[in-house]
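Below: the structure, in structure tokens.
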Amino acid sequence: MARRDDAAVGAEPFQVAVAGGGVAAMEAVLALREHPEPPRPLAITMFAPDREFRLQALSVAEPFGGDAQTVDLGGFCAEHGVEYREDSVAEVWGGPQRVLTARGDEVFYDALLLATGARRHSVLPGSHAFRGGGDVGWFGTLLERLERGAIADVAFAVPRQVKWTLPIFELAMLTATWLRDRDREGFNLSVVTHEREPLEVLGPRVSEQVAELLGDRGVDIVAATGVVRFDRGRLVCEGGHDFRFDEVVALPGLDVPEIPGVPQGRNGFIGCDAEMRVDGLDRVWAAGDSTWFPVKQGGLAAQQAEIAAAGILRAAGSGVEVPPFRPVVRGALITGGRPRFMRVPLGGDAGVALTSSPLWWPPVKVAGPRLGPYLAQRWAIDEEEDPGLGRTEDLEPARDEREHEAALRLSLDFAEIDAREGDYEEALRWLGVAERLNVTLPAEYVERREEWRAAATA
Ligand SMILES: Cc1cc2nc3c(=O)[nH]c(=O)nc-3n(C[C@H](O)[C@H](O)[C@H](O)COP(=O)(O)OP(=O)(O)OC[C@H]3O[C@@H](n4cnc5c(N)ncnc54)[C@H](O)[C@@H]3O)c2cc1C
51 MARRDDAAVG AEPFQVAVAG GGVAAMEAVL ALREHPEPPR PLAITMFAPD REFRLQALSV
111 AEPFGGDAQT VDLGGFCAEH GVEYREDSVA EVWGGPQRVL TARGDEVFYD ALLLATGARR
171 HSVLPGSHAF RGGGDVGWFG TLLERLERGA IADVAFAVPR QVKWTLPIFE LAMLTATWLR
231 DRDREGFNLS VVTHEREPLE VLGPRVSEQV AELLGDRGVD IVAATGVVRF DRGRLVCEGG
291 HDFRFDEVVA LPGLDVPEIP GVPQGRNGFI GCDAEMRVDG LDRVWAAGDS TWFPVKQGGL
351 AAQQAEIAAA GILRAAGSGV EVPPFRPVVR GALITGGRPR FMRVPLGGDA GVALTSSPLW
411 WPPVKVAGPR LGPYLAQRWA IDEEEDPGLG RTEDLEPARD EREHEAALRL SLDFAEIDAR
471 EGDYEEALRW LGVAERLNVT LPAEYVERRE EWRAAATA
């Protein structure tokens, strides 16, 4: 919670407008509120059109029985002394330092953070684009068709413009594991990607491991292949060759809708400097998927938000240092079995870590420095748990990964024991612990969780 300096009492508030209610916006609010109040106390307003934040990174697990993880932004803002407006920023007027909202209000700002994310849309004609939580329904139908044998050959495609490719590997591996668990055979799942190696952006060590995981699950890789369209059972690729599939699931392309008054580059992305100051606009910062940075990942969005928040605090008179942007990907790959944790500083091979036990704590899928602990606390079964959690901490790769496995096993064993004794609430609490340790609930417990939930409320 912010501490207010005596000098701040009576000073005119410094008006901060945060456009967006996603990963970058929430991380920025947490960072702004973590520091001692600057000489001019912050009056923060968040503008976001959807009151519900949904962690898109976990949407890949939802068709397989994972829960949607959501936060009510009104509640989040109230907890952090922020005014929430269910509205969006329609225009930015840099000279008079005002935003025009979609509802028609003109709002003055001393500092504006643009954290409006990107729009995800299909760029592979004829395919189904998996854009997040809104696509869980049709993906479930696809699984059901695979299960009853109505279709057998499915491609998971990465169009050339997509640089953050992790979700496609997760969907392919989860699908393969799901079919195997149901003793289904005779299907062909392939990842078709423009990358030379799977998850190429994270370097050869990660690629090698992902290739091995795909191989173990019987998923083929067609690499270095640009996809063009899916048409009557043919996935047409650059160079004119094609492959036969029954269905194609693709990652979406990204763009940023026009915000008049904001200089936007190709596909609408917002140019900014290393301190996240928007090119050509004073007192305006940007963070996350809406910026020019090519890798669109929540952990990176949060790192950018932290930098922008420091800049805003300085503008309000605080002496806080603006950290440099040294992008480090903290990625948790859901595999259908044990997840893989990856910590990869971008732009070099040094410092890469890759293990099946957590490399940061708490092990939340989107490793925002403050958002991770906040979400872990929110979604813990017991909200009082770990009240002291502050910032995500990097962990050394475990010397013995069996310790982590033992902790996971233990929580599942406790869950079983409690369920056998009829204490379903306690059993569910232990499943929550297991889910936290494993990023997602182990597949064999998804149905059991539903049964135990029903029993707990009966
Ligand atoms: C399927 C999938 C899997 C993913 N997996 C991972 C993963 O494993 N790890 C990871 O770190 N990242 C992952 N990501 C990426 C991650 O979700 C994004 O990088 C992250 O959400 C970007 O944060 P953001 O704040 O920039 O945008 P968002 O989180 O998208 O938030 C944008 C916000 O801005 C609001 N908004 C839009 N326009 C306006 C406007 N004009 N005015 C005001 N508000 C506006 C929106 O309503 C929303 O609240 C995944 C994404 C998807 C879709």
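Numbering-wise, my numbering comes out as the position in the sequence shown, counting from 1, plus 50. All residues carry an ideal CB built from backbone N, CA and C; glycine is no exception. The model shown is predicted, which means the values in this text are computed figures rather than measured ones.
Limits of the beta strand (DSSP E) - the one that residue i falls within
i, result
"F114", "No beta strand (DSSP E) contains F114, which DSSP labels as neither H nor E."
"P395", "R390 to P395"
"A222", "From DSSP, A222 is part of no beta strand (DSSP E) but of the alpha helix (DSSP H) over L216 to D231."
"Y134", "V132 to R135"
"A403", "A403 to T405"
"D266", "First-last for D266: P254 to D266, but that is the alpha helix (DSSP H), not the beta strand (DSSP E)."
"F103", "E102 to R104"
"F280", "V277 to D281"
"F375", "First-last for F375: undefined, no H or E at that position."
Opening and closing residue of the alpha helix (DSSP H) in which residue i lies
i, result
"R470", "E451 to R470"
"M76", "V73 to E84"
"T507", "V496 to T507"
Per-residue burial, residue i [other beta carbons within 10 Å of its own, 16 or more giving buried]
i, result
"I218", "buried"
"H178", "buried"
"H171", "exposed"
"N317", "exposed"
"P344", "exposed"
"A465", "buried"
"F64", "buried"
"R198", "exposed"
"D185", "buried"
"P302", "buried"
"G125", "exposed"
"W188", "exposed"
"F158", "exposed"
"R327", "buried"
"P88", "buried"
Closer than 7 Å: residue i CB and nearest ligand 1 heavy atom
i, result
"K346", "yes"
"S138", "yes"
"G167", "yes"
"K415", "yes"
"L216", "yes"
"V402", "no"
"P99", "yes"
"R170", "yes"
"G182", "yes"
"D296", "no"
"I357", "no"
"V34", "Because the chain is modelled from 51 through 508, residue 34 falls outside the range shown and cannot be assessed."
"D339", "yes"
"V121", "no"
Residue i versus the options, residue with shortest Cα-Cα distance
i, options, result
"G386", "P413, F293 and T225", "T225"
"H291", "V278, V299, A366 and G303", "V278"
"P377", "V394, E371 and G367", "V394"
"G330", "G125, G184, V260 and W143", "W143"
"R101", "K346, M76, P91 and A111", "M76"
"G321", "L304, P310, D305 and T341", "T341"
"P175", "A508, P447, V260 and R282", "R282"
"A207", "S138, T166 and R284", "R284"
"S138", "L105, A67 and V173", "A67"
"P413", "K346, P389, M326 and G397", "P389"
"L229", "G190, R148, D473 and R333", "G190"
"W214", "G253, A403 and P310", "G253"
"L196", "G236, A161, M223 and V173", "G236"
"G361", "A351, P307, P374 and S109", "P374"
"A400", "A74, Y474 and V379", "V379"
DSSP three-state assignment for residue i, whether helix, strand or coil
i, result
"L301", "coil"
"E62", "coil"
"I431", "Residue placement at I431 is flagged as unreliable, the pLDDT there being 48, under the threshold of 50; the coordinate-derived value follows with that caveat. I431 falls in the coil class under three-state DSSP."
"V334", "strand"
"T191", "helix"
"L409", "coil"
"A140", "strand"
"L162", "strand"
"R364", "helix"
"D444", "strand"
"D185", "helix"
Neighbour flag for residue i against chain D, beta carbons, 8 Å
i, result
"Q259", "In the structure shown, chain D cannot be found, because there is only a single protein chain."
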